[in-house]
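**Student:** Structure incoming, see below.
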Amino acid sequence: MSQWDKGRAGIWPEIVDRETAHKAAMLGVWAAAFSGGVTIFSIAVGSTSMYSIIDFVMVCAIGFAIFKHSRIGAIFGVLLCIDYIVHKITYHNTAGILPLFLLYYANGVRGCFAYDRFVKAEAAIARPIEL
60 MSQWDKGRAG IWPEIVDRET AHKAAMLGVW AAAFSGGVTI FSIAVGSTSM
110 YSIIDFVMVC AIGFAIFKHS RIGAIFGVLL CIDYIVHKIT YHNTAGILPL
160 FLLYYANGVR GCFAYDRFVK AEAAIARPIE L
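Residue numbers 60 to 190, in the numbering used here, belong to the letters of the sequence shown in order.
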């Protein structure tokens with residue numbers, strides 16, 4: 060029984076096969092979904108400007124890219140989160156909950172790269188040997 064089955068995957072789960080790589084990548088998707096949800100909620104209640112819709116679209120695109128196991132999309136998620144952290148520290152002297160989001164986006168990167176590696180390994184094993 061894996062740590063995923065026990066419900067104790069944590070913030071840095073072990074990746075051992077294609078299924079666990081997919082589940083680790085989904086942590087990045089959840090981070091993007093939560094970020095997008097908070098952004099659209101803050102736009103709806105009027106606490107941020109309408110220019111935040113650009114952030115919402117970027118986060119949704121990154122979440123979709125991670126969902127499709129795009130390695131580039133996952134890297135952009137980490138870079139965007141680092142940008143948010145630098146901005147929050149520079150202008151507000153706090154990072155808030157963003158370091159946790161960075162860990163989840165990093166899991167998205169780990170999951171996407173591992174998923175690609177496992178898919179290529181399975182394809183190499185399934186390929187018939189020609190003599």
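In this text, a Cβ means the ideal position worked out from N, Cα and C, and glycines have one as well.
1) So Lys127 is in the alpha helix (DSSP H); what residue range does that whole segment cover?
2) Roughly how many whole angstroms lie between the Cα atoms of Ser94 and Ala183?
3) Can you tell which of Val88, Thr149, Ser108, Arg169 has the C-alpha that lies nearest to the C-alpha of Lys127?
4) Our contact map puts Ala133 next to Val168 with C-beta atoms below 8 Å; I'd like the distance itself, whole angstroms only.
5) So what does DSSP say about Pro158, is it helix, strand or coil?
6) Rounded to the nearest angstrom, what separates Ser101 and Asp175 at their Cα positions?
7) Just the Cα atoms here: how many angstroms apart are Arg186 and Phe177?
8) By the 10 Å Cβ neighbour count, where 16 or more other Cβ atoms means buried, how is Phe160 classified, buried or exposed?
9) Whole angstroms are fine: how far does the CA of Thr98 sit from the CA of Asp142?
10) For Glu78, which of helix, strand or coil comes out of DSSP?
**Tutor:** Taking the geometry as given:
1) It is not in any alpha helix (DSSP H) - Lys127 carries neither H nor E in the DSSP assignment.
2) 37 Å
3) Val88
4) 4 Å
5) DSSP places Pro158 in helix when its eight states are reduced to three.
6) 36 Å
7) Approximately 14 Å between the Cα atoms of the pair.
8) buried
9) Cα to Cα, the separation comes out at about 16 Å.
10) helix
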